[in-house]
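Asks: Structure below; questions to follow.
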């Protein structure tokens, strides 16, 4: 399921195993009733709120493999605040491209929020670009959201890797 929040496929702040079991049962029932095709439910550690970014990549018919990176989370399609780079992209170029975000102020720290760890984010973007350059069987990658912790770490909360058929 690509857009899990759209179908009620995300449940936050679960405190114990018993609650997790009830949530999984409820999701199974909901998905069955809605005839949603899925192959299991993933339960993972709760990631605290933080700056939500995204990194994606695909194979453009004109430009070949490209990365797309920028502000992420559920508003990614609304904000449309991303930058594109042809693969492979260096860490330096990935860092520089962040200056082209419309809401660059958000990644520079805003109203007491920490600035994005641009070096680490650029390293991840560059790594994704290398995967696209070196692995022609990968058709698409989507990591969204990638949440920054208070210590500057980045945690991929959800991701999709698609392979060519």
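Residue numbers (our numbering): 1 to 165.
Where is the CB? At the ideal position from N, CA and C, for every residue including glycine.
(1) Can you give the Cα-Cα distance for residue 118 and residue 33, rounded to whole angstroms?
(2) How is residue 108 classed by DSSP in three states: helix, strand or coil?
(3) With a threshold of 8 Å, are at least 3 pairs of Cβ atoms found where one atom belongs to the segment 68 to 75 and the other to the segment 33 to 42?
(4) On the DSSP bridge list, what partners appear for residue 13?
(5) Closest to residue 138 by C-alpha separation, out of 58, 19, 53, would be which residue?
(6) Taking the Cβ atom as the reference point for each residue, do residue 85 and residue 129 lie within a distance shorter than 8 Å?
(7) Just tell me which of 91, 10, 93, 36 has its CA closest to the CA of residue 24.
(8) Hey, residue 96 and residue 148 are a contact pair by Cβ (cut 8 Å); roughly how many whole angstroms apart?
(9) Which same chain residues, not among the five before or five after residue 27, have their C-beta less than 8 Å away from its C-beta?
(10) Using C-beta distances below 6 Å, list every residue in its chain close to residue 143, excluding the 5 sequence neighbours before and after it, in chain order.
(11) Once the 5 residues before and after residue 4 are set aside, which same chain residues still bring their CB inside 6 Å of it?
(12) How many whole angstroms separate the CB atoms of residue 154 and residue 121, which I take to be in contact at a CB cut-off of 8 Å?
(13) Taking the CB atoms as reference points, tell me whether residue 88 and residue 21 lie closer together than 8 Å.
(14) Return helix, strand or coil for residue 129, following the three-state DSSP convention.
Replies: Reading it off the structure:
(1) C-alpha separation (whole angstroms): 43 Å.
(2) Collapsing the DSSP output to three states places residue 108 in coil.
(3) These segments do not touch.
(4) Per DSSP, none; premise fails for residue 13.
(5) When each option's Cα is compared against that of residue 138, the closest is 58.
(6) It is a contact, given that the beta carbons lie within the stated cut-off.
(7) Nearest C-alpha to residue 24: 10.
(8) Residue 96 to residue 148, Cβ: 19 Å. No contact.
(9) Excluding residues within five positions, the ones whose Cβ falls inside 8 Å are 8, 9, 11, 41.
(10) Within the same chain, and ignoring the five residues on either side of residue 143 in sequence, the residues whose Cβ sits closer than 6 Å to its Cβ are 55, 156, 159.
(11) Contacts found: 10.
(12) Distance from residue 154 to residue 121 at the Cβ level is roughly 6 Å; contact confirmed, criterion being Cβ atoms closer than 8 Å.
(13) In this structure, residue 21 does not lie closer than 8 Å to residue 88 by Cβ.
(14) The DSSP-derived three-state label of residue 129 is helix.
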